[in-house]
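Here the structure comes first, spelled out in structure tokens, and everything after it is commentary.
Protein chains: 2
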Amino acid sequence: MKKITHSHSLYSMINPSSITLVGASNNLRSMGSVLLMSLREAGYDGAMYPVHPKEDEVQSYRAYRSVTDLPEIPDLAVIVLPTAIVSKTLEQCGEKGIRNAIVISGGFKEVGGQGLKLEEELVATAKKWGIRIIGPNCMGVVNPHHKMNTTTLAYEGRAGFVGLVSQSGSFVAQMFDYLNQLNLGFSTAISVGNEALTDTVDWLEYLGTCPKTKVIALYIEGIKRGRAFIGMARSIVPHKPIVALYVGGSEGGRRAGLSHTGAMAGPDQLYESIFRQSGVLRADTLIEMFDFCLALGTLPLPNGNRVVVQTHSGGPGTAAADACSRAGLDFTALSDYTRSKLSELVSATASLNNPVDLTFQKNPQYYFKEIPEALIEDKNADILMIYLIMPIKEIRRRLIQGDVSEENAVKLAEEMILANAKTMADLLKRNNKPLIGYTWRNMAEEHPRALLENGVPIFQGPERAARAAAALVKYKRLREMFSARALKI
Amino acid sequence: MKKITHSHSLYSMINPSSITLVGASNNLRSMGSVLLMSLREAGYDGAMYPVHPKEDEVQSYRAYRSVTDLPEIPDLAVIVLPTAIVSKTLEQCGEKGIRNAIVISGGFKEVGGQGLKLEEELVATAKKWGIRIIGPNCMGVVNPHHKMNTTTLAYEGRAGFVGLVSQSGSFVAQMFDYLNQLNLGFSTAISVGNEALTDTVDWLEYLGTCPKTKVIALYIEGIKRGRAFIGMARSIVPHKPIVALYVGGSEGGRRAGLSHTGAMAGPDQLYESIFRQSGVLRADTLIEMFDFCLALGTLPLPNGNRVVVQTHSGGPGTAAADACSRAGLDFTALSDYTRSKLSELVSATASLNNPVDLTFQKNPQYYFKEIPEALIEDKNADILMIYLIMPIKEIRRRLIQGDVSEENAVKLAEEMILANAKTMADLLKRNNKPLIGYTWRNMAEEHPRALLENGVPIFQGPERAARAAAALVKYKRLREMFSARALKI
């Protein structure tokens, strides 16, 4: 797998050993300067060569007058210059021997008029020298595994497994914090901009081969090469899930996309059909796209669509049952074996229907281990969805009531939450079935955070959990279908 | 208004000057004891009389052997006892002269069999003495304005304007933190349980007259008195919005509800029709129900459904446009007057279509004042939706880059965020049009929090913002329609 990536023609663009940045200065408000700061803050440790017409030093890096003066041929040029001088600079990059460039600058095709001509010129220069380009009019690339970030915002959170190809730069640069809320991180995210030379299909191919990428996410305002897209996606889906968000299908989305990237959006049914033929899972919102990524990247695929819901409260159980039904999941009756196991663990008021509603608990600890264990092991259950509410404040309060000192209660409560998350994670690992939590508590609280950090997905509200579970079921079917088709070819 | 509430027959149940709690003890793990702690932690400052067969003191309150021994007739009895002795205790309450009781205990109608008979007995006793009952099998009441909380969880957050009637106790007791995340709070929330003597319709009436309640939320698994419900809702809708969540319409929701409250859920169309005839706004999820409450309780009603979206990023703009279209909002072209005003405030790359995409900003401060001001004042705009991202870390970073000391940067960044929130709140107050923010940042961050605390709603994702805006449009129409109908009667 790794070998394939290294040999991919786009590999060195995303994993450069050396970068020249053209357009950074000591004026920290300029966009090029901000990019240099982002690269440094990400901890980029390759060689860095700022190019500046006058300065000898830029942000404490030695600066060069021109790319032609650089002491080596860098793997990548990042260009943040006024539109008019971009092509000339790319020409110099070509002369120097540079073969990869990210063109952040805008003012090309997306503005029409003269911009169209400037983009043609840019493309001609690139082709003349055989330079691969990302952009123009983009936010560049984030590859936290390589400590690389060419966007305007500092990277937050961890290096992760979500590979993103985005026709919006904001959905790369402005999503770091959002992903971090779910304990997710990008493997690599590419803002493709005007897609002058490399487009969504090329980057889809790249992420298909990238070993750090477990799930591919696509933000699409318009696909230019429909047939190529379908072919590429179909070749990837048997071994890696692809999730797409397409917002151009509504009247508002269509008009806004046209004004944003100039993409000619198509009717919703057209894209629905493209995604269906491609084996791509479609998400309705950005939030849902990353929900699906979280579930697909952390959970095993279920054998079927039969869910068991565990709660200790009626309302949350009923709301979850409704959400599961609407998401297309089925409910299974518990086996007699499971029911007899449970009968020893639950109070007399508990309901062993599905949702399993434990009401008052015999032993609160059973809720997090023995009971979910019995449920997930049930032969009829494909998926376990579990209502989780374990506020640290409440645990502390109860410990203190139980005569634990305040100081010890703080420590004990933290330990309990961590132990609980590890128990759940263990349950998930030992059984090869998806286990998904839901809550309405703040996701930044200790308990949801500990679960996410230990690899147990949890969502705010049962609807998101149910739809994420349904995405697993759907991808399982797609993978089987497209693997079978691939064998026939 | 206040007068009406005071004279409402249920007022003293929700605002008692004195409470007797039957079932609390010094065993802090028992449910009755937890309730007493919740009442104390809420700061309840009326007279409190625990009843205990043996103890002289319960949790440092003087305890009494029986309700008949109490030194005065309390306004309310809260009963948390084994099912078998509830009726006997209620009989004693009647003898004492108590006329309001919350029966927390379960084991009645909801368990079937013997429980049916026990509930009949309970009702007969209550009727004999003219005692109003909430429950049985409920979580009781929260009225933070009266520092009253009879649920098992400590109240978190503020006293607010959301009145809730819930057929799930969890959606009262387990929602304190969730509401607090949106800077919302309950005015009063009632867990109606088995609705033996007072039901959803009665409490709907009560909240209709409650001056602290600006929006009524209903969690419904099944309505018993359909005709009465419609009549009551119609009388309230002309002066107060009602939002309902009904989850019994799907197969999963129907079965789970039956097992939870024993409510006979009806087909989804039946409830859809009840809500339509009632003028009740239907929410699809619990999260959406409280989103609607937030918008309806903090924003003026729009004149129409024409939205203007302000962003500085293409993708978030396109996603918002799609969300608005799907929510049924229309886009308006900006007036020439607005365009000429804006042209002085924005950069050359900005798009003055709608969504207004400012791209790079001439002056970042314009984004929060001058630009939204010009947009909200546009004669064609009914609603302003605005993309907001102002992470305190980033502000600090930029201040420090601008040679502000680290210490001052921390202080300055906080001040900037607060000032910004106040500016927005002011904009909202001066113009009588809804202004709604959206972001993907963590809602617990300083900026979203400051906005919410200053009365500017902000949601995670444009979809929630758009649907909340559409709820305002819808309620405006419903209010007009039902006011006109009321006049005809």
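Protein chains in written order, with the working numbering: chain A, 5 to 493; chain B, 5 to 493.
Ideal placement from N, C-alpha and C gives every residue a C-beta, glycine not left out.
Here the structure is a predicted model, which means the values were calculated and not measured.
From the options, residue whose alpha carbon lies closest to that of residue i
i, options, result
"Val284 (chain B)", "B:Leu157, B:Leu249, B:Asn153 and B:Asp203", "B:Leu249"
"Glu95 (chain B)", "B:Arg136, B:Phe335, B:Gly117 and B:Val313", "B:Arg136"
"Gly98 (chain A)", "A:Tyr370, A:Leu122, A:Leu305 and A:Ala128", "A:Ala128"
"Asp361 (chain A)", "A:Pro320, A:Asp334, A:Thr342 and A:Asn367", "A:Pro320"
"Ser21 (chain A)", "A:Ile102, A:Asp340 and A:Gly257", "A:Ile102"
"Pro304 (chain A)", "A:Ala472, A:Val115 and A:Leu40", "A:Ala472"
"Lys345 (chain A)", "A:Gly167, A:Val55, A:Ile375 and A:Ala354", "A:Ile375"
"Asn446 (chain B)", "A:Asp382, A:Ile227, A:Tyr182 and A:Lys383", "A:Tyr182"
"Phe463 (chain B)", "B:Phe190, B:Trp444, B:Val38 and B:Ala413", "B:Trp444"
"Leu201 (chain B)", "B:Thr302, B:Asp60, B:Gly406 and B:Ile106", "B:Ile106"
Buried/exposed call for residue i, threshold 16 Cβ in 10 Å
i, result
"Met389 (chain B)", "buried"
"Leu120 (chain A)", "exposed"
"Glu410 (chain B)", "exposed"
"Ala488 (chain A)", "exposed"
"Asn307 (chain A)", "exposed"
"Pro86 (chain A)", "exposed"
"Lys6 (chain B)", "Low confidence applies here, because Lys6 (chain B) scores a pLDDT of 40, under 50, leaving its location unreliable and the question unanswered by this model."
"Gly261 (chain A)", "buried"
"Glu209 (chain B)", "buried"
"Ser347 (chain B)", "exposed"
"Phe486 (chain A)", "buried"
Residue i (DSSP reduced to helix, strand or coil)
i, result
"Tyr479 (chain A)", "helix"
"Gln185 (chain A)", "helix"
"Leu249 (chain A)", "strand"
"Tyr48 (chain A)", "coil"
"Glu484 (chain A)", "helix"
"Lys6 (chain A)", "Note on Lys6 (chain A): pLDDT 40, under 50, position unreliable in the model; the coordinate value appears next. Looking at Lys6 (chain A) - three-state DSSP - the assignment turns out to be helix."
"Phe335 (chain B)", "strand"
"Ala81 (chain A)", "strand"
"Asp361 (chain A)", "strand"
"Val414 (chain A)", "helix"
"Pro304 (chain B)", "coil"
"Pro376 (chain A)", "helix"
"Thr315 (chain A)", "strand"
"Gly144 (chain A)", "strand"
"Val62 (chain B)", "strand"
"Ala287 (chain A)", "strand"
Terminal residues of the beta strand (DSSP E) in which residue i lies
i, result
"Phe463 (chain B)", "Ile462 to Gln464"
"Ala158 (chain B)", "Neither: Ala158 (chain B) is in no beta strand (DSSP E) and is coded neither H nor E."
"Ser195 (chain B)", "Phe190 to Ser195"
"Leu222 (chain B)", "Val219 to Ile224"
"Leu439 (chain B)", "Leu439 to Thr443"
"Ile23 (chain B)", "Ser22 to Val26"
"Ile235 (chain B)", "Checking the displayed sequence, the identity of residue 235 (chain B) turns out to be Gly instead of Ile. Run containing Gly235 (chain B): none in the beta strand (DSSP E); it sits in the alpha helix (DSSP H), Gly230 to Ile240."
"Leu168 (chain B)", "Val166 to Ser170"
"Arg33 (chain A)", "Looking at the DSSP string, Arg33 (chain A) is not in any beta strand (DSSP E), and its letter there is neither H nor E."
Extent of the continuous alpha helix (DSSP H) run through residue i
i, result
"Ser16 (chain A)", "Tyr15 to Ile18"
"Met389 (chain B)", "It is not in any alpha helix (DSSP H) - Met389 (chain B) instead sits in the beta strand (DSSP E) that spans Ile387 to Tyr391."
"Thr129 (chain B)", "Gln118 to Trp133"
"Arg280 (chain B)", "Asp272 to Ser282"
"Ala105 (chain B)", "Where Ala105 (chain B) is concerned, there is no enclosing alpha helix (DSSP H), although the beta strand (DSSP E) it sits in stretches over Asn104 to Val107."
Inset, instruction - Could you please tell me which residues of the segment 397-408 of chain A, in chain order, have their CB closer than 9 Å to any CB of chain E? - result: The structure shown contains no chain E; its protein chains are A and B.
Inset, instruction - May I ask you to list, following chain order, the residues of the segment 318-346 of chain B that have a beta carbon less than 7 Å from some beta carbon of chain A? - result: Listed by position along the chain: Gly318, Gly319, Pro320, Gly321, Thr322, Ala323, Ala325, Asp326, Cys328, Ser329, Arg330 and Phe335.
Inset, instruction - Scan the segment 169-189 of chain B for residues whose Cβ lies nearer than 8 Å to a Cβ of chain A and list them as they occur along the chain. - result: Within the segment 169-189 of chain B, the residues whose Cβ lies closer than 8 Å to some Cβ of chain A are Ser170, Gln171, Ser172, Gly173, Ser174, Phe175, Gln178, Met179, Asp181, Tyr182 and Gln185, listed in chain order.
Legend entry - Interface positions of the segment 434-463 of chain B facing chain A (Cβ-Cβ less than 7 Å), listed along the chain: Along the segment 434-463 of chain B, going in chain order, the ones with a CB nearer than 7 Å to a CB of chain A are Trp444, Arg445, Asn446 and Ala448.
Inset, instruction - Check distances from the C-beta atoms of the segment 268-300 of chain B to those of chain A and list, in chain order, the residues that come in under 7 Å. - result: Within the segment 268-300 of chain B, those residues whose Cβ lies closer than 7 Å to any Cβ of chain A are, in chain order, Thr289, Leu290 and Ile291.
Legend entry - Residues of the segment 357-374 of chain A with Cβ closer than 7 Å to any Cβ of chain B, in chain order: Correct list: Asn357, Pro359 and Asp361.
Inset, instruction - Quick one: which residues of the segment 144-155 of chain A get their C-beta closer than 7 Å to a C-beta of chain B? List them in chain order. - result: Answer in chain order: no residues at all.
Legend entry - Chain-ordered residues of the segment 73-99 of chain A with a beta carbon less than 8 Å from chain B: Residues of the segment 73-99 of chain A whose Cβ lies closer than 8 Å to any Cβ of chain B: none.
Legend entry - Interface positions of the segment 379-395 of chain B facing chain A (Cβ-Cβ less than 8 Å), listed along the chain: Listed in sequence order: Ile393 and Pro395.
Inset, instruction - Taking a Cβ distance cut-off of 7 Å, strictly less, list which residues of the segment 244-257 of chain B are near chain A, in chain order. - result: So the close ones are Val251, Ser254, Glu255, Gly256 and Gly257.
Inset, instruction - Check distances from the C-beta atoms of the segment 203-228 of chain B to those of chain A and list, in chain order, the residues that come in under 9 Å. - result: Among the residues of the segment 203-228 of chain B, those with a Cβ less than 9 Å away from any Cβ of chain A are Tyr223 and Glu225, in the order of the chain.
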